[in-house]
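From first to last, the protein sequence lines are chains P and S. For the first sequence, position 138 (counting from the first letter as 1) is numbered 819 according to the numbering used here, and the numbering increases by one without interruption. For the second sequence, position 116 (counting from the first letter as 1) is numbered 797 according to the numbering used here, and the numbering increases by one without interruption.
There are 2 protein chains.
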Amino acid sequence: MTLSTRMAAVTRTETAEATRQALVRAASELLDQGGPDAVTLRAVGARAGVSRGAPYGHFENKGHLLAQLAINAWSSLADDVEHLRANLESTSDIRLERAVLALIDVARRRPHRYALMFSAPADTPAALKAAGRLEGVFLALVADVVGESDAPRYGALLMSSAHGIAGMELSGHLAKDTWRVSVEQLVHMLIDAIRHGIPAARDSP
Amino acid sequence: MTLSTRMAAVTRTETAEATRQALVRAASELLDQGGPDAVTLRAVGARAGVSRGAPYGHFENKGHLLAQLAINAWSSLADDVEHLRANLESTSDIRLERAVLALIDVARRRPHRYALMFSAPADTPAALKAAGRLEGVFLALVADVVGESDAPRYGALLMSSAHGIAGMELSGHLAKDTWRVSVEQLVHMLIDAIRHGIPAARDSP
DNA sequence: CAACTCATATGACACTGTCATATGGAATAG
DNA sequence: CTATTCCATATGACAGTGTCATATGAGTTG
């Protein structure tokens, strides 16, 4: 394989990659603006400037396209939280709190995207990697607060609770008269509990 | 309106109600067994022994049928948790823990039903009532542990976290090497934190 | 018995995801 | 430079879906 061969191949791949990305971008915009029902292969193709069947040249089916959207969402959020952790101007508590709020912010500002993150199957290597990166950062953030040994269980509790708060807010079950609490208050309580609230974990149930 | 008139009307309504319930039952079974994609109006009608258009005589559209499914799910879970609370043979802590595990059990045993509970719109009076009943029982259970005044915020945190744990378990994000924790451990940590972990809530952020 | 009401059945339509096939331009070989 | 191969794209087709308009027929009413 000569140099020109590789470059030519790259060139062709580049144009194909361009339309692939255009498809992903179009699908993402349609999802954010019109919800899952708006993400039609025909609409995606039209928005990307190609035909309705073009996606099949880049994705095995619609589910795989959606899976790519989910991967991008996980990856993007992981980027944000990584930057949050890198900013050492604040205490580890505050960094952790901001990370949780960043996750909830996705649910608030892009609810359909957030729902997709947890509904799309996360069994492919790429999906596992993207989700695992975010979970790794969360784990590290928690470790900054409670130490390495307790980080996993506290991390799991924090991430689950954050996800739950996001989901309740998303489905409207938090904006009720029953509990007169804001999301921010809940997150603060959670961080407080993890920082110095929960008694030492015991092994026996 | 004579007695016979009313009885006749009731009789007719009864048969209509029978098919309505048959439709709901069929939809519920299809959802549990085959997931949301299996809940087709045609399939629902066939399983209920009627035609594909029959549901439109009882529900405005498919969404309203699904909303009824969600209402039933909320109501059924509320019944279970109410019975759990009525059993005074155990301490309030254990009752609360069992209530949380009951919610998570729905997610584990009927994942599609659980997903529907939080995805279906909860804006109709019936839906608000069904969901509100469960939330009321949870609130009371939490009040049994932490007292009336703190119950709302702790209840919101508990319910959100329980929902989050269920969701993470559902999407497979808990069964990862990152956090080596079981759902039961997480719930136990949560109850522990609420019982005597979280410091007194402050008003200022 | 006649008129009416209303749940149900059926035909039709637009829309969807998906596949088979055709097309045309770019990449490669001689 | 030409011919051939490859591959992204376009298009036709098909089954399946939700939904509406209409027809039918049994049950209710007067």
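Ideal placement from N, C-alpha and C gives every residue a C-beta, glycine not left out. Computed from a prediction, not measured in an experiment: that's the story for all the values here.
Proximal residues of chain S, C-beta to C-beta of residue i below 9 Å
{"i": "glutamate 816/P", "result": "His854, Lys857, Thr859 and Trp860"}
{"i": "leucine 747/P", "result": "Per Cβ cutoff of 9 Å: no residues; leucine 747/P is ~14 Å from chain S at best."}
{"i": "leucine 765/P", "result": "Within 9 Å Cβ-Cβ: nothing; leucine 765/P doesn't reach chain S, min ~18 Å."}
Closer than 9 Å at the beta carbon, the chain P residues around residue i
{"i": "isoleucine 846/S", "result": "Ala837, Leu838, Ser841, Ser842, His844 and Gly845"}
{"i": "leucine 797/S", "result": "Per Cβ cutoff of 9 Å: no residues; leucine 797/S is ~11 Å from chain P at best."}
{"i": "alanine 751/S", "result": "In chain order: nothing, as chain P lies at least about 10 Å away."}
{"i": "leucine 782/S", "result": "What leucine 782/S touches in chain P: nothing, since even the nearest Cβ is about 12 Å away."}
{"i": "leucine 722/S", "result": "What leucine 722/S touches in chain P: nothing, since even the nearest Cβ is about 16 Å away."}
{"i": "leucine 777/S", "result": "Near leucine 777/S there are no residues of chain P at all, since even the closest Cβ is about 15 Å away, more than 9 Å."}
Cβ-based burial, residue i [other Cβ within 10 Å; buried from 16]
{"i": "alanine 697/P", "result": "exposed"}
{"i": "serine 842/P", "result": "buried"}
{"i": "glutamate 816/P", "result": "buried"}
{"i": "alanine 856/P", "result": "exposed"}
{"i": "proline 736/P", "result": "buried"}
{"i": "leucine 769/P", "result": "exposed"}
{"i": "serine 709/P", "result": "buried"}
{"i": "arginine 776/S", "result": "buried"}
{"i": "threonine 859/S", "result": "buried"}
{"i": "alanine 759/S", "result": "buried"}
{"i": "alanine 715/S", "result": "According to the sequence displayed, residue 715/S carries glycine and not alanine. When all chains shown are included, glycine 715/S counts as exposed."}
{"i": "glycine 848/P", "result": "buried"}
Under 7 Å from the C-beta of residue i: neighbouring residues of chain S
{"i": "glutamine 866/P", "result": "Arg834"}
{"i": "leucine 820/P", "result": "Thr859"}
{"i": "phenylalanine 740/P", "result": "Near phenylalanine 740/P there are no residues of chain S at all, since even the closest Cβ is about 19 Å away, more than 7 Å."}
Beta-carbon neighbours of residue i, restricted to chain P and to distances below 8 Å
{"i": "glycine 813/S", "result": "Lys857 and Thr859"}
{"i": "leucine 704/S", "result": "Neighbours of leucine 704/S on chain P: none; closest Cβ ~23 Å, over 8 Å."}
Rounded Cβ spacing between residue i and residue j (contact assumed at less than 8 Å)
{"i": "isoleucine 846/S", "j": "leucine 820/S", "result": "Their Cβ separation, rounded to whole angstroms, is 19 Å, which puts isoleucine 846/S and leucine 820/S out of contact at 8 Å."}
{"i": "histidine 739/S", "j": "arginine 701/S", "result": "4 Å"}
{"i": "valine 781/P", "j": "leucine 839/P", "result": "7 Å"}
{"i": "isoleucine 872/P", "j": "glutamate 763/P", "result": "Not a contact, Cβ separation roughly 19 Å."}
{"i": "arginine 834/P", "j": "valine 862/S", "result": "5 Å"}
{"i": "leucine 747/P", "j": "alanine 699/P", "result": "Not really, about 20 Å apart at Cβ, beyond 8 Å."}
{"i": "serine 852/S", "j": "alanine 803/P", "result": "7 Å"}
{"i": "alanine 707/P", "j": "arginine 728/P", "result": "4 Å"}
{"i": "leucine 711/P", "j": "valine 725/P", "result": "6 Å"}
7 Å CB neighbourhood of residue i in its chain, flanking five on each side removed
{"i": "alanine 832/S", "result": "Leu820, Val823 and Ala824"}
{"i": "aspartate 713/P", "result": "Arg791, His793 and Arg794"}
{"i": "leucine 684/P", "result": "For leucine 684/P, the predicted structure reports a pLDDT of 33, less than 50, and the residue's modelled location is therefore unreliable. A value from the coordinates is still provided. Answer for leucine 684/P: no residue qualifies."}
{"i": "tryptophan 755/S", "result": "Met798, Ala811, Ala812 and Leu815"}
{"i": "isoleucine 752/P", "result": "Ala807, Ala808 and Ala811"}
Other residues of its chain near residue i: CB distance less than 6 Å, five sequence neighbours each side excluded
{"i": "glutamine 749/S", "result": "Val705"}
{"i": "glycine 887/S", "result": "The structure shown does not extend to residue 887/S, since chain S is modelled only from 682 through 886, so no value can be given for it."}
Chain S contact residues for residue i, given Cβ-Cβ distances below 8 Å
{"i": "alanine 803/P", "result": "Ser852, Gly853 and His854"}
Per-residue contacts from residue i into chain P (C-beta, under 7 Å)
{"i": "leucine 758/S", "result": "In chain order: nothing, as chain P lies at least about 13 Å away."}
{"i": "leucine 712/S", "result": "Per Cβ cutoff of 7 Å: no residues; leucine 712/S is ~15 Å from chain P at best."}
Sequence-distant residues of its chain with Cβ nearer than 8 Å to residue i (five each side left out)
{"i": "arginine 876/P", "result": "Asp774, Val826 and Val827"}
{"i": "glutamate 850/S", "result": "Ile785, Ala788, Arg789, Ala856 and Val864"}
{"i": "histidine 869/S", "result": "Glu778"}
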